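Each residue of the sequence shown is one higher than the last, beginning at 764 in my numbering. All residues carry an ideal CB built from backbone N, CA and C; glycine is no exception. Bear in mind that the values here come from a model prediction, so they are computed numbers and not experimental data. Worksheet: one structure, shown below.
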Amino acid sequence: MAFKIAVASGKGGTGKTTFAVNLFSSINEHWTRSVQLVDCDVEEPNDLLFFRNFSVKSEKLSEQVIPKIDTSRCTFCKKCEEYCEFNAIVMIPSMQYAVVNKDLCHSCGACFVACQFDAIHETKNAIGTVTNYNIGNDLSLMEGNLRVGSPLQTMLIKDLKKNLVGEHDILIYDAPPGTSCPVVETISDADFVILVTEPTPFGVYDLKLTVDLLREVNKPFGVFVNKAGLGDSEVYEFLKAENIDLLGEIPFSKEYAGLYAKGKIVSCVPLQFAKEYRKVVEYLKKLN
C-alpha cells in the first residue's frame, strides 16, 4: 500500500508546486525511487514544466456520463427535474422541452431512477484527459488536464486517482489551491498533508482556513513556510499557539525565483534549500 502525501495551500502563489516537485526529487534521491508525482491541479497542471526529458507513456480521455432525454418517450412529468439536486435538468411541459446542462450535471444517476418511461439514456461528455509521463530514469508523473470551460475539476481528479499507473511506495498529490471540493477530493485518501504557506497576512489567513478544513476531515498535517523573511512573524506565532509542526522553511530569494522562472528548480537547487527538503523527507520517513 502506497504512502500518500498531499501538498496543499490555502491560496495560490505560495510555492506549492515548487515544493511538490522538489519533495518528489528529494524522496527519489534520499528515500526511494518508487515514487510517483500526481498533478491534481487539473485546471492548470504545471508540474511537468520542470522536467525537460519526458515522453507520454499513456493518455486516456476522461468522460462523464450525461443523461439524454428522449422527448418522443418523455411524458414531461418532471420527476427527473425534481430528483436532480444540481438543477441540471430544465423541463417545460407546455413546450415539450427538456434539456440537460452538461456543465451542471454530476452524473449521479438520480434522473435514471426517477424516470419510469425509459425516456432517459446515457451519453458521454469529455471533461479532460489523464496522462502518464515518463520523466526520465523510469520515474513517472501523472496529471489531469481539464477541458477549458468545464467546472468538473472534482470529477476529473477522481478519475485521475482511479487510473494511477503502476505500484509505488510513495504517491505525492500536488493539490489545487484553496479549500473547495477539488482540494477535499485530492486529500481524501492522503496519509499526511503538507501545507505550504508564506509569512504574509494573506498567507496566514488562508492557512488558518486550510487548517480548519484538515481538522474537520481529521487529516494529520504539518506546515512548510516558503519565502521566509518576506513578511512578519504571525505565521510562526500561529503554528506555536496551535501546536502545529513546522517542517521547514525556504527563505525569500530572487535567485531561487529566477531558477523557477527558468524551469530549473529541480536540477539546480541551492544546497541550503536542498537541506530543507531533506529535513521533510526524514520527517516523513518517521511517519511511514
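Check, Outcome
"Can you tell me whether residue 875 is helix, strand or coil according to DSSP?", "helix"
"Below 8 Å on the Cβ atoms is my guess for residue 829 versus residue 865; work out the distance and round it to an integer in Å.", "5 Å"
"Does the beta-carbon of residue 880 have 16 or more other beta-carbons within 10 angstroms, so that it is buried, or is it exposed?", "exposed"
"Roughly how many angstroms separate the alpha carbons of residue 856 and residue 844, rounded to a whole number?", "12 Å"
"How far does the alpha helix (DSSP H) with residue 844 in it reach, from first residue to last?", "842-846"
"Would the stretch 973-993 and the stretch 789-799 be scored as touching if the rule is three or more Cβ pairs under 8 Å?", "no"
"First and last residue of the beta strand (DSSP E) that includes residue 799?", "798-802"
"Let me know the secondary structure DSSP gives residue 870 once reduced to three states.", "coil"
"Quick check: residue 991 and residue 1012, are their CB atoms within less than 7 Å of each other?", "yes"
"Distance check for residue 817 and residue 811, CA to CA, integer angstroms please.", "8 Å"
"Among 767, 775, 764 and 765, whose alpha-carbon lies nearest the alpha-carbon of residue 963?", "775"
"Return yes when the Cβ of residue 965 is within less than 7 Å of the Cβ of residue 993, no when it is not.", "no"
"Report the option in 957, 932, 784 and 859 whose CA atom is closest to the CA atom of residue 1029.", "784"
"If you reduce the DSSP assignment to three classes, tell me which class residue 773 lands in.", "coil"
"Classify residue 1024: buried if its beta carbon has 16 or more other beta carbons within 10 angstroms, exposed otherwise.", "exposed"
"Could you check whether residue 959 and residue 772 sit closer than 7 Å to each other, using their CB atoms as the reference points?", "yes"
"How about residue 889 and residue 806: are their beta carbons less than 7 Å apart?", "no"
"Along the alpha helix (DSSP H) that carries residue 781, what are the first and last residues, could you check?", "779-793"
"Please identify the residue among 799, 957 and 947 whose C-alpha is closest to the C-alpha of residue 932.", "799"
"Please report the distance separating the alpha-carbon of residue 1039 from that of residue 922.", "33 Å"
"Between which two residues does the alpha helix (DSSP H) containing residue 973 stretch?", "964-979"
"Based on the DSSP output, what are the partners of residue 931 in its beta bridges?", "Answer is none; residue 931 lacks a bridge partner."
"Quick check: what's the CA-CA separation for residue 815 versus residue 767?", "25 Å"
"Given residue 1001, which residues of its chain have a CB within under 8 Å of its CB, disregarding the five upstream and five downstream residues?", "967, 970, 971 and 1007"
"With DSSP as the reference, label residue 913 as helix, strand or coil.", "coil"
"Which term fits residue 895, buried or exposed, when burial requires 16 or more other beta carbons within 10 angstroms of its beta carbon?", "buried"
"DSSP puts residue 860 in a beta bridge; with which residues?", "855"
"Starting from the Cα of residue 1050, find the closest Cα among 924, 887, 928 and 985 and give me that residue.", "985"
"I'd like the span of the alpha helix (DSSP H) that includes residue 947, first residue to last.", "944-950"
"Among 765, 909, 764 and 834, which has the Cα closest to the Cα of residue 803?", "909"
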